[in-house]
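Colleague: Residue numbers for the sequence shown follow this note's numbering, so the first one is 229 and each next one is one higher. Beta carbons are placed, not taken as given, at the ideal position from N, Cα and C, and that holds for glycine. What you are looking at is a predicted structure, and each value in this text was computed from that prediction instead of being measured.
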Amino acid sequence: MKEFAFYRILLISWYGVAAIIFVALLFIPAPYGRHSRPGWGPSIQARFGWMIMEAVSSVGFCGFFLLGNREHTPVTLFFMLLWLIHYIQRSFVYPFLIKNGRKPMALSIVGMAIFFNIINTYLNGRYLNWFSTVYTRRWVQDPRFIIGLILFFSGFFINIHSDWILRKLRSEDSDNYGIPHGGLFEWISSANYFGEVVEWFGWACLTWSYAGLSFAVWTAANLVPRARSHHKWYITQFADYPKNRKAILPFLF
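1. Kindly indicate if chain C contains any beta-carbon less than 9 Å away from that of Gln369.
2. In this structure, what does DSSP give as the bridge partners for Ile272?
3. If we call anything under 9 Å between Cβ atoms a contact, is Ala497 one with Ser418?
4. Under 9 Å between the Cβ atoms of Tyr421 and Val445?
5. Relative to the alpha-carbon of Pro270, which residue among Ile280, Thr349, Pro332 and Phe232 has its alpha-carbon at the smallest distance?
6. Could you give the residue range of the alpha helix (DSSP H) that holds Pro323?
7. Would you kindly report the start and end of the unbroken alpha helix (DSSP H) that includes Ile375?
8. Can you give me the C-alpha to C-alpha distance between Cys433 and Ile280, rounded to a whole angstrom?
9. Could you say if the stretch 286-294 and the stretch 348-359 meet the contact criterion of at least three C-beta pairs nearer than 8 Å?
10. Alpha carbons only, please: which of His458, Phe479, Asn472 and Ser442 is nearest the one belonging to Tyr243?
11. Do you know offhand how far Gly267's Cα is from Trp392's?
12. Determine the direct distance from the alpha carbon of Thr364 to that of Arg298, and round the result to whole angstroms.
13. Going by other Cβ atoms of all chains shown within 10 Å of its Cβ, with 16 needed for buried, is Pro302 buried or exposed?
14. Cutting at 8 Å between CB atoms, please list the residues of its own chain near Ile347, excluding the five before and the five after it.
15. Would you list the residues sitting across from Lys474 in a DSSP beta bridge?
16. Does the beta-carbon distance from Trp436 to Gly339 come in below 9 Å?
17. Give me the Cα-Cα distance between Phe381 and Glu427, rounded to the nearest whole angstrom.
18. Taking 9 Å as the cut-off, decide whether the C-beta atoms of Gly423 and Asn387 are in contact.
19. Using CA atoms only, rank isn't needed, just tell me which of Pro257, Arg262 and Thr304 is closest to Gly440.
20. If I measure Cβ to Cβ from Glu282 and keep anything under 7 Å in the same chain, skipping five residues before and after, which residues do I get?
Written as structure tokens, this is what we have:
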């Protein structure tokens, strides 16, 4: 089978798997963070788990992208820069900022995340430097690129700001949680997840690709059910939790 045929089958299948994962996570929250529970095998410190699984996306994307068969253009190099901005922050900054970094994370969760990141970086990196149409300099003037870029950085900064608000609620290695206030937390329980979903839908828009859209769909399939679980958890843990808040979409859900 030629690679392009394999790529198309994998991409289509990847959308189907995302739908299955979405339904599964509505009933079985991924066992990390506040939803951690025994029975998922050996574990490592969460800080190192985050570093390992997110670093795969930085290294993997560069590998699939730079080893492509097409000459790089300024636009595709800019796409790579955006990807690295996100994943360097997630791999080498975020793990050292989290207050409960010594908390255990199951190796099975790390392994599943690594598997996802390998497939995701292959689909996006290989697309941009082999299977895509050529992105010329005129692409940066296209409304899809401009809107996508605004969404990408808006989501990126919402995510970082929301993580900062959550960190302020906790002391080092504390398992205690509080009610977050400020920013989009005034309207939704998982402002950090909302930011990440917006960010990757921005990526899908500015690359205008099914590969980019698959990443956005997977992000939503993973984080929307988790935000729902977070929202229910807050309501059960705090009697005074704001009743006007939604889970992840302001005023809607």
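Modeller: The short version:
1. Annotation note: the requested chain C is absent from the structure, which comprises a single protein chain.
2. Met333
3. There is no way to answer for residue 497, as the model of the chain reaches only from 229 to 481.
4. no
5. Distance check between Pro270 and each of Ile280, Thr349, Pro332 and Phe232 places Pro332 closest, using alpha-carbon atoms only.
6. Tyr322 to Leu325
7. Its alpha helix (DSSP H) spans residues Pro371 to Lys396.
8. 28 Å
9. Between the stretch 286-294 and the stretch 348-359 there are three or more inter-stretch CB-CB distances shorter than 8 Å, so the stretches are counted as touching.
10. Ser442
11. 31 Å
12. Their backbone Cα atoms lie some 13 Å apart in a straight line.
13. exposed
14. Leu238 and Trp242
15. Ile416
16. For the pair Trp436 and Gly339, the CB atoms are not nearer than the 9 Å cut-off.
17. Computed Cα separation, rounded: 7 Å.
18. yes
19. Thr304
20. Closer than 7 Å at the Cβ level, and outside the excluded window around Glu282, lie Tyr315, Arg318 and Ser319.
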